[in-house]
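Structure record follows, encoded as structure tokens.
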Amino acid sequence: MSPLSFEFATATRIVFGPGKLSEAPGLVRALGVQRVLLVTGRSSTRARGLLAALEALGLPVRTFGVDGEPTVELVREGLAVLAESRCDGVVAMGGGSALDTGKALAALASQGGDPLDYLEVIGHGQVLTRPSLPFVAIPTTAGTGSEVTRNAVLGSKQAQVKASLRGPQLLPRVALVDPDLLLGAPPHVLAFSGMDALSQVIEPFLSARANPITDALAREGIRRSARSLRGAVLSGPDAEAREDLALASLLGGLCLANSGLGAVHGFAAPVGGMFDAPHGAVCAALLPSVLDVNLRALRARAPEHPATPRFRELAVLLTGREDARAEEAVAWVESLREALRIPGLATYGMTTERLGELVSKARAASSMKANPLVLTDAELTEIATRAMAGTAA
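Using my numbering, the first residue of the sequence shown is number 431, and each one after it goes up by one.
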């Protein structure tokens, strides 16, 4: 047995609970910020109260909206706004796109240079060396866990792929998670973000880099997501469900940042670059077939791998039944995807003619490195083909 070796890093401070948004202005001021860049989603309506509260403390605020998923071009635009407004701190309030944009802006504003200097895969991959501007992350969806991750995912229109800025500097100084911010979220947003969060506790649990800390967090996240996601989408999230979904998302971020992901996100990065597709919906379409193919590959080629028996534990966590078989994990996830009416990748323009391109890009994705084992091109093609229709088999 190999000796245990791992590391764990997260945001400097995590603040969780209903009503905690009211504490955000004081937390920002305590960081020594004098002028705030407030990054929001395409609409800044939900951030109006925060903006007013920041200004009431004497902190001038400049807003920057993120319309869609972040791109290299968008970050360049945001850096120009930051420089022009002389903001010395960044607060991002919104979904994963707003949070990732905020993280990238806070890091690059102090580092200098162009996003492509530091992006993985499609950029030069230079190492970030300088501390970021003070950054506070406030998620309004329960999916990405970006508030506690050390990367920011940016798309490139030219390369038609998504890649990460990565480094400990991207960890927020404060992650503020208020489950009440999920009130009024549309069902499709809850579905897409919730499936993203579920995949981000499942993949680290099966990861080649799993460790005891992330294992404990993943188990808790899987249980909470499994008991609340379906009802929250179909009937609306009550206070308990909001807490479950917000916490599952936070736990997913902690897990992926420290144990990696797998083939779901290995595919999701290039799909998001090739097509205009919501990240969570892509993950949901991929998750059943990735689980199925991984389970078969492990049994055939690596039956002694630690992830092999974990599939049965995953089935127990998802179904709540101690006698659940490993295959039932796949069936449970597929049943959830169908209940939430999440479409296959063909809906977003994926065709059989582009399967080769997708497989090639997925194989090179950084997330693929933590998959329990290396999948063959035939297995990767099978996953993508099934995900086109959104079916597990």
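Beta carbons are placed, not taken as given, at the ideal position from N, Cα and C, and that holds for glycine. Remember, it's a predicted structure, so these values are computed and weren't measured experimentally.
Asked	Found
Could you tell me the alpha carbon to alpha carbon distance between SER594 and THR570, rounded to whole angstroms?	22 Å
According to DSSP, THR501 sits in a beta bridge with which residue or residues?	GLY585
Threshold first: 4 residues or longer. Then list the alpha helix (DSSP H) segments lying entirely within the segment 721-773, N to C.	737-749, 757-769
Could you pull out every unbroken alpha helix (DSSP H) segment of at least 4 residues lying fully inside the segment 686-715, listed in chain order?	693-704
Out of ARG478, ALA754, ARG603, GLY553, which has the shortest C-alpha to C-alpha gap to GLY524?	ARG478
DSSP three-state call for LEU468: helix, strand or coil?	strand
May I have a chain-ordered list of the alpha helix (DSSP H) segments no shorter than 4 residues that lie completely inside the segment 592-679?	617-636, 642-665
Does VAL557 pass the burial test, meaning 16 or more other C-beta atoms within 10 Å, or should it be called exposed?	exposed
Per DSSP, which residues does ILE568 bridge with? Please list them.	MET523
Our contact map puts GLY575 next to GLU499 with C-beta atoms below 8 Å; I'd like the distance itself, whole angstroms only.	Not really, about 16 Å apart at Cβ, beyond 8 Å.
Check each candidate in GLY597, LEU451, GLY774 and name the one with the smallest Cα separation from ARG560.	GLY597
LEU748 and ALA759 look like a contact to me (Cβ under 8 Å); what is the Cβ gap, rounded to whole Å?	6 Å
Have a look at the DSSP bridge pairing and note the partners of GLY495.	THR470
Considering only DSSP beta bridges, list what ARG443 is partnered with.	VAL604
Run through DSSP, which three-state label would VAL789 get?	helix
What is the DSSP secondary structure of GLN541, reduced to helix, strand or coil?	helix
On a CA-only basis, which of GLY462, LEU489, ASP518, LEU628 is nearest ALA714? Give me that one, please.	LEU628
Would you report the Cα separation of THR442 and VAL491, rounded to the nearest angstrom?	23 Å
Terminal residues of the continuous alpha helix (DSSP H) containing GLY456?	454-460
Is it buried or exposed for ASP497, if we count other Cβ within 10 angstroms and need 16 for buried?	exposed
Decide if the segment 502-511 is in contact with the segment 541-552; the criterion is three or more beta carbon pairs, one per stretch, under 8 Å apart.	yes
For the structure I just gave you, are there three or more beta carbon pairs, one from the segment 738-754 and one from the segment 653-673, closer than 8 Å?	yes
What did DSSP end up calling SER435 once you bin it into helix, strand or coil?	coil
What does the alpha-carbon distance come out to for the pair GLU633 and ARG465?	39 Å
Between HIS709 and ALA795, what straight-line distance do the alpha-carbon atoms span, to the nearest angstrom?	15 Å
Would you say LEU620 and PRO667 are within 8 Å of each other, going by their C-beta atoms?	yes
With DSSP collapsed to three states, give me the class of THR579.	coil
To which residues of the same chain is ASP403 closer than 7 Å at the C-beta, ignoring the five residues directly before and after it?	Past the edges of the chain, shown from 431 to 823, lies residue 403, and the structure says nothing about it.
As a quick exercise: from LEU606, GLY624, LEU529, pick the residue whose alpha carbon is nearest that of ARG580.	LEU529
By Cβ distance below 6 Å, which residues in the same chain neighbour GLY651 in space, the five residues on each side in sequence not counted?	VAL631, ALA678, LEU681, GLY682
Looking at C-alpha atoms only, which residue of SER474, ALA817, SER797, ALA792 is the closest neighbour of THR806?	ALA792
Note down, in chain order, each residue of its chain lying with its Cβ closer than 6 Å to the Cβ of ALA823, except the 5 sequence neighbours on either side.	Low confidence applies here, because ALA823 scores a pLDDT of 49, under 50, leaving its location unreliable; read the following figure in that light. None.
Please confirm if the segment 800-820 is in contact with the segment 767-780, defined as three or more CB-CB distances below 8 Å between the two stretches.	yes
Cβ atoms of LEU770 and VAL701: under 8 Å apart, would you say?	no
Between which two residues does the alpha helix (DSSP H) carrying GLY479 extend?	478-486
Compare the beta carbon distance of ALA522 and ALA567 with 8 Å and say whether it is the shorter of the two.	yes
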